Ligand code: ARG
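Numbering (my numbering), first residue to last: 2 to 473.
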């Protein structure tokens, strides 16, 4: 009698598993997170077994009641994990059998852990994607609120991190709104990719029992069944889609955080971080550091690592299941919990920061950003553009020498540079006018940004509706 007879494959073995290998081969510390999906999947499976006459109704009822009791133990923290269990699937089956006796052994009829783990991972991935979309939507709401509250505030727009043209702060923040809108689309795609049922594929080739895969799929809320049993147990594309979506979202958060770090520096002074989202220094009493933004930027690295890790695990695997695939979950869980935390951190940081409107406006007046508008004014009044460019270039030089901005020039100064400058020439350099002239669709003009805000609010309400109507 092997000492390790309780292993699910005990019959074939005379010796017991090496103690180190037991620990080495276990995925329990990671996959226990999927316990709820595992029990849901088992209940759907056993109901189908009974409906198809594969196990007697009374046995199925006993198993289902046992699973409900195990569910309660897990939910209420009473469940006792045993290090000898290889994974959450074995742990739950052991607890079930301990409760209901030998009949618990009928649960695994027409099923393999290969289609079981794929099912659990898909159910879990669908729930993760939905939670992440909810987190992205909350950050979008913060961005919309700041865009609304500070509508009309002008700030410098940059290319090459050099001042280029003034823009509305709302326009700048809405650029992030749309980036996150694409993240929602990617997360929805990842959820759709997970939304097909592998159950009934058994180990790799299907089963001799007359299973009803569609009944199980429907019960579990999957929109279809996977048509090929080999593909069903060996596909992890849906997890890759999810980690990729997480990676791109982290890249977006990292870009936002980089700007918040810059903006909160003394050099920019565009924003002040709320005390709740900044830390001090243990040696320099004056310091207020944007740690939260920096940490989000830094955590992007681990999520990219999770993506490359899983791509590499899957590379070169022959069909169908291979134990390598047990390495699929840790990175995905890490990526999604990291993103969830970073979304919450950013939503709070954006919602609580103080916008220093004056500093933004002063910044927008620097860098001679209205120079193009001044040249355009001349060109519109008949001066050849090349000549206009030359005239305005000289004015910029004059301002630079005398330490003035273009807005500080008088009408006389302008007229002296070119008689084509009329009485309305000062409006060519007025910051608000410079901004509002860029009224092309999607541009930074006040009216265009107002229209964009409406579009963004529509998109946000479409997402809110989708979240409300989507089951976990
Ligand atoms: N713990 C395993 C995993 O996560 C479950 C599947 C085991 N199947 C097998 N044939 N060893 O991949």
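All residues carry an ideal CB built from backbone N, CA and C; glycine is no exception. Quick caveat, the model's predicted, so the values are computed rather than measured.
- In its chain, beyond the 5 residues on either side, 272, 274, 291 have a beta carbon closer than 6 Å to the beta carbon of residue 265.
- When distances are taken from the beta-carbon of residue 125 to the heavy atoms of ligand 1, even the shortest one reaches 7 Å or more.
- Put simply, the region 123-138 touches the region 341-361. At least three CB pairs are less than 8 Å apart.
- Set against 7 Å, the gap from the CB of residue 28 to the closest heavy atom of ligand 1 is smaller.
- Taking each of 160, 157, 170 in turn and checking the Cα distance to residue 146, the smallest one comes out for 170.
- With a cutoff of 7 Å, residue 242 does not count as near ligand 1, since its C-beta is closer than that to no heavy atom of the ligand.
- Within the chosen limit of 7 Å, ligand 1 does not reach the beta carbon of residue 278 with any heavy atom.
- Secondary structure note for residue 160: its beta strand (DSSP E) is the uninterrupted segment 155-160.
- When DSSP states are grouped into helix, strand and coil, residue 300 belongs to the helix group.
- For residue 350, the shortest separation between its Cβ and any heavy atom of ligand 1 does not lie below 7 Å.
- Distances between the C-beta of residue 118 and the heavy atoms of ligand 1 include at least one below 7 Å.
- Of all C-beta pairs linking the region 112-123 to the region 37-55, three or more are shorter than 8 Å, placing the two stretches in contact.
- Two segments are said to touch when three or more pairs of C-beta atoms, one from each, lie closer than 8 Å; by this definition the region 374-387 does not touch the region 185-196.
- By the 16-neighbour rule on beta-carbons within 10 angstroms, residue 241 is buried.
- With a cutoff of 8 Å on beta-carbon distance, residue 432 and residue 366 are scored as near each other.
- For the options 294, 233, 34, the alpha carbon positioned closest to that of residue 354 is the one of 294.
- When rounded, the separation of the alpha-carbon atoms in residue 211 and residue 352 is 56 Å.
- Relative to the Cα of residue 387, the nearest Cα in the group 106, 373, 153, 214 belongs to 373.
- Inter-residue distance for residue 216 and residue 93 is about 23 Å (C-alpha atoms, whole angstroms).
- If you compare the alpha carbons of 95, 319, 68 with that of residue 235, the shortest gap goes to 319.
- Pairing residue 309 with residue 297, the inter-Cα distance amounts to about 19 Å.
- In the structure shown, residue 371 adopts coil according to DSSP, grouped into three states.
- Going by DSSP, residue 330 is part of the alpha helix (DSSP H) stretching over 329-353.
- Looking only at 231, 420, 178, 405, the smallest Cα-Cα distance to residue 202 is reached by 231.
- Closest in alpha carbon position to residue 421, among 357, 457, 377, is 377.
- Secondary structure at residue 470: helix, using DSSP grouped into helix, strand and coil.
- Here residue 150 is exposed: its Cβ has fewer than 16 other Cβ atoms, across all protein chains shown, within 10 Å.
- Of 172, 228, 90, the smallest CA-CA separation from residue 453 is found for 172.
- Contact annotation, residue 29 with residue 88: C-beta distance approximately 6 Å; criterion of less than 8 Å satisfied.
- By the Cβ rule, the region 68-83 does not count as touching the region 120-129, because fewer than three pairs are nearer than 8 Å.
- Note on geometry: alpha-carbon atoms of residue 279 and residue 451 lie some 32 Å from one another.
- The DSSP-derived three-state label of residue 410 is coil.
- Residue 245 has its Cβ no nearer than 7 Å to any heavy atom of ligand 1.
- In the DSSP annotation of this structure, residue 289 is not part of any beta strand (DSSP E), being labelled neither H nor E.
- Residue 17 and residue 81 have their C-alpha atoms roughly 22 Å apart.
- Only residues of its own chain outside the window of five on either side were considered, and among them 187, 191, 308 have a CB closer than 8 Å to the CB of residue 245, listed in chain order.
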